[in-house]
């Protein structure tokens, strides 16, 4: 009788970023605990007060104090701690640069949720323009674009050109203002860096600013942060695919910034090629109710959490489903029972072989 | 409607060792192919002719030639190829030393099946001594101990002392001879290294050779290989646990070599501590039909493929179940549908959100 | 530790009809055997020679002779045998009339696959008219309509009126001829009964024969069988729903006979009401690639095996999936691992509670 | 793309008995609701006030009033209602006699949890006598034996004869008294009936009263109920198996009454034969930690919820697992997600076949 179990790793580490100070560390922490691990948790120190309070609440509710270690430190200290403590598993959510360093340092005992250059494709069936422009605005600019699932690139079928979609997106973006925090400071990219990136894009033939592209005014946001208007830059599809341009165009800007392009009926192959050449396959959306179109795009792309249908978005996760980059054996997941099991436990197989011995068993003769 | 899929990685690599020239690469290759990947396969060049022939057979049976790339090279060349080709996933079976290097080089895009210092515990209920001595002989010395699942350490309850078990194991080991290949050359450890390891063990107080411990005679095996009689060295349990000795005693010798020790009723804690302190949790066996004893040992150990019951062995895998080290997020699996899915594919979630829009939906007003 | 098992019933019976002399009894028999039961099999005696030969082949291939009992009898004898032998489970495939009698006789120890009045709905999106007319012809008239999954009623959206669909179906039906067995004898309904049924339908206001409706000529088929041309009768939707007509219109004719009707955009509610009021929810098809339409119809209907999409049919089962009427706890399934488990085994839960006793356990004091 | 769903039945009925006025109807009702059914609930009218209050509480908590119909009636009225309303599924918990009538009336659209003649086998390994005698007392006499899972027969290995087990059981039974309700009225069997049954058993050669066997004194329990002391009657194993005696000995008495017998090492076959010949395979217990013994008994018996191990009992269900008689396709389950799905929903398979058509498809030529 052979039984498969999921077994905890034991000592594990969790490192999470600034942008969701409660949701990401809490979901990961609880998943680790549910599977029976002993986690040490480090949240980006800019926001770690949130989880500190949460842990106090958990203690109040009965969590034994020795079940979780909470550390408040900079990254260098944490890196040193990881190398010395040698946890069996580390969950890292954050930038690709740090992720790759940690993966090497920890020799792969790691799961990652890193950057995503998340795309959305609008299919040939134009409908619900008001709704879709609103979802695009939310996907690209809510939280000032500082979600790993934020919409970074929009592929628009030519049928949408005359639908008024871009005008509506422009109008919605212009409603955003500092007063009500519908736009706000960018914590990891400066204004100058974003403007420079835009200017580099604008050197590509055919590129243009669709809207935004200017620093925010009338504010006291320090210069080490970024502060720009919600921005969309159009780049022609054929230019995007050129090897001199591709890396530049698909560079993730962790702020309110997206690239928009357009494709005709016979250019779907180019769109799919672009999606395939991107590296960080976090989320994606295919906005269409055309079943054959959906089938074609879904069957030839790989992004992890992929929304399909006329209501598709890039940023709905993770309140009700799996999350994490696809196509990478280090890719983490979050929220679902399956994700919790795969990230926070390993397989153990116990085979009961209790006999009896076969009735006629005898010691095999020597050869 | 949310659907979870397992999605292939695409370009993957498989690197396998000398000791199972057909079984390991073939199981891994077929698993990779079943899940839709495009593998490049490298088998240890000493034995790669076996899989070369197998692949020719697969081609004959209809495998498209472009589905698998087969490379015959040394490890340095393969390492270079991996760094340049950047496969999405690499499966490595082999030594821990190479495994750790590759894990760092590939920044963790790897699954491992590496060494195991596999233990067997004989419980308090003495029975079927003939059978169990024969299984011990097979587990420790079949294939000259060159299985990753070979029995490396035997913890024997004191009740077995007067059962004649060790004498029977000695007798069985002495039946092994070069003529019928029941003993043979060791490919990765020299005779001198094994004798030296034994001598180091014998410096520990209370240690002694139970049987074997001498080079094989009358043979033409080259000196770069190993050639010793099936060997068992007794080391007292309390000595094993001393920090000066532990690493030495639990060093894996990939040849016909095992350490034997004994424990009394009240020393089970020490046995479990020893198992816990070992690092490579591949396979294990708990030889007992005492349900409370089984429960205690299984509940407090972590090895991946763990046999339990009076017929338990360490080396039954992988013909009918999961395989791979436990407690390591890089741990691979082999053979079962679950293992194939976890090793050779990643999760992708597709959420259909096709509408209709809520009947009263209207563009939210600006704040 | 609690383990759930599927456990065989032991002695079981299988009763199958004439129309698939090999497929139905063989799939059911093998399912019963796989789960460890001891079946007695009765196939309709008109065709039982087929399974008799099959069982001889199975014996030749190694099936132990005592694993299956095969009985060749009429229904009355079989009924008597069931009442005396009292099998733990009986699988009956056949007419609803016999099914209901057996269900009462066996006090519910039965699973059924009985008649289906299978509907197909053509959605608003007209396309692939050649293909869909061909599928309709196959669904309604292949095997002379003697499949439990045969298309009995076609709901056609008004958009199809001018598509030429009905003309194409007529043309295809007229290609069928006795010479090549594309039409043939009906084994359980006489020509007179079918013609009488048609005439009853034609009394409904607005009804008309679309094609067929006449006896086949130039043949020697005995009068106890049926022999008519592939027939379609149009009945207006509002008439179908009248309580005086509904039972008549939805009476299953196990021959090459279907009812066709038409609905306008605002009559979908009536179509869904009609589907809901039918009793035998075997198979169904929703021919459309309109995602919102599919969602609406699938979400509000219950048929067991329901095809959806522009290539949908009613008669594809059971080569690759579950089969059986939905909405009935006696409904059987066929072919899939899940169906085999549910039909041919019951649940058994074994809970291991081996101790130890809590350390401080003492006999509770008397109150 | 083929998706399997569990689909609710729609209108369903639930009929539950007196002995668990809250637990059984509530678990069944919630299961039916979770799967989306519309239940009508009838609880035995002697105790229906309990669920009436519970439903008022559910309404208070937000359950829409139209989600559940609650009926307070006698069985004849309910039977009539079922025949007229024709629910798609009925869950009946209660006596076998009514169960069989309903199963025929409803032509098998029913799931049953009926009587159990539940056995316990004590294996050869004698241990924890205090604990096991206490569990036996609880299993047989708690709630005055009015659980469907109550221990009705105890098979005791000879090794237990000198253990003092029976004496301890006697002593525990004698602690039970009306004052603290550790014994109480029996609602469906009169004192006279139970005494008569005992006297019939005592006519079997070798039978004797172990303890109890007398009416309770000093009480005002009406004569339509039963009132006897906790009773155990010993009957020799070989007598039990005689065809003249078997039906009598295994008749379920729904009160504080059990049969005890003894077996020797070589009589295990007879014990297993007795268990196999019983009809109502509800629960069972195998009290032993001997793995080979457990394997033998579990592998050759069929009861639904079977406890194994030295702490095994017959009456632990259903707080943490599946429940219901095994070996009967009408057998219900309770409490687990699997049970809820199997009892309260049917399978529906939706196959999306949306195309496109094969590029070279053309209408097949006429033959």
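Residue numbers (full-length UniProt numbering), protein chains in the order written: chain A, 1 to 367; chain B, 1 to 367; chain C, 1 to 367; chain D, 1 to 367.
Every residue, glycine too, gets a C-beta built ideally from N, C-alpha and C.
Between the alpha carbons of residue 182/B and residue 142/B lies a gap of roughly 7 Å. Collapsing the DSSP output to three states places residue 299/B in a helix.
One Cα belongs to residue 360/B, the other to residue 209/A, and the distance between them is close to 34 Å.
At least 8 Å separates the CB of residue 298/A from every CB of chain C. At a beta-carbon threshold of 8 Å, the residues of chain D lying near residue 292/B are 289, ordered along the chain. The three-state secondary structure of residue 43/B, taken from DSSP, is strand. The alpha-carbon separation between residue 204/C and residue 245/C amounts to approximately 8 Å.
Residue 184/A is classed as buried because its beta carbon has at least 16 other beta carbons within 10 Å across all chains shown. DSSP places residue 143/C in no alpha helix (DSSP H); its state is neither H nor E. Nearest to residue 331/C by alpha-carbon distance, out of 51/C, 281/C, 44/C, 87/C, is 281/C. Collapsing the DSSP output to three states places residue 21/A in coil. A Cβ of chain D is located within less than 8 Å of the beta carbon of residue 308/C.
If you draw a straight line from the Cα of residue 62/D to the Cα of residue 340/D, it comes to about 22 Å. Relative to the Cα of residue 266/C, the nearest Cα in the group 237/C, 250/C, 287/C belongs to 237/C. According to the DSSP assignment, residue 35/D belongs to no alpha helix (DSSP H), since it is labelled neither H nor E. Against residue 354/D, the close residues of chain A are 291, 292, 295, in the order they occur along the chain (beta-carbon pairs closer than 8 Å).
The continuous beta strand (DSSP E) containing residue 347/A extends over residues 345-352.
Residue pairing by DSSP places residue 232/C opposite 211/C, 258/C in a beta bridge. Taking a cut-off of 8 Å on C-beta distances, the stretch 5-17 of chain B touches the stretch 33-45 of chain B, as three or more cross pairs fall below it.
Contact of residue 347/B with chain A by beta-carbon distance below 8 Å involves 304, 322, 324, 326, 331, 333, 338, 339, 342. Straight-line measurement puts the Cα of residue 298/D at about 31 Å from the Cα of residue 25/D. Considering only beta carbons, the part of the stretch 173-184 of chain B lying closer than 7 Å to chain A consists of 175, 180, 182, in chain order. Excluding five sequence positions before and after residue 163/B, the CB atoms of its chain that fall closer than 6 Å to its own CB belong to 126, 129, given in chain order. In this structure, residue 348/C places its C-beta atom within 8 Å of the C-beta atom of residue 326/D.
In terms of Cβ geometry, residue 73/A and residue 42/A form a close pair [threshold 8 Å].
Annotation for residue 120/A: the continuous beta strand (DSSP E) segment containing it runs 118-122. Chain A places no beta carbon closer than 8 Å to that of residue 31/B, leaving this residue out of the contacts. DSSP places residue 267/A in the helix class (H, G or I) of the three-state scheme. Residue 75/D: member of the alpha helix (DSSP H) spanning 75-85, first to last residue.
By the criterion of at least three beta-carbon pairs nearer than 8 Å, the stretch 110-127 of chain C is in contact with the stretch 79-95 of chain C. Short of 6 Å from the beta carbon of residue 76/D, and not among the five residues preceding or following it, lies no beta carbon of its own chain. In chain order, 129, 130, 133 place their CB closer than 7 Å to the CB of residue 168/D, counting only its own chain and leaving out the 5 sequence neighbours on each side.
Under the Cβ distance rule, residue 116/D does not count among the residues neighbouring chain C, no pair being separated by less than 8 Å. Ranked by Cα distance from residue 240/D, the first of 254/D, 229/D, 230/D, 260/D is 260/D. In summary, residue 230/B is buried, with 16 or more beta-carbon neighbours lying within 10 Å of its beta-carbon over all protein chains present. DSSP, read as helix, strand or coil, puts residue 182/B in coil.
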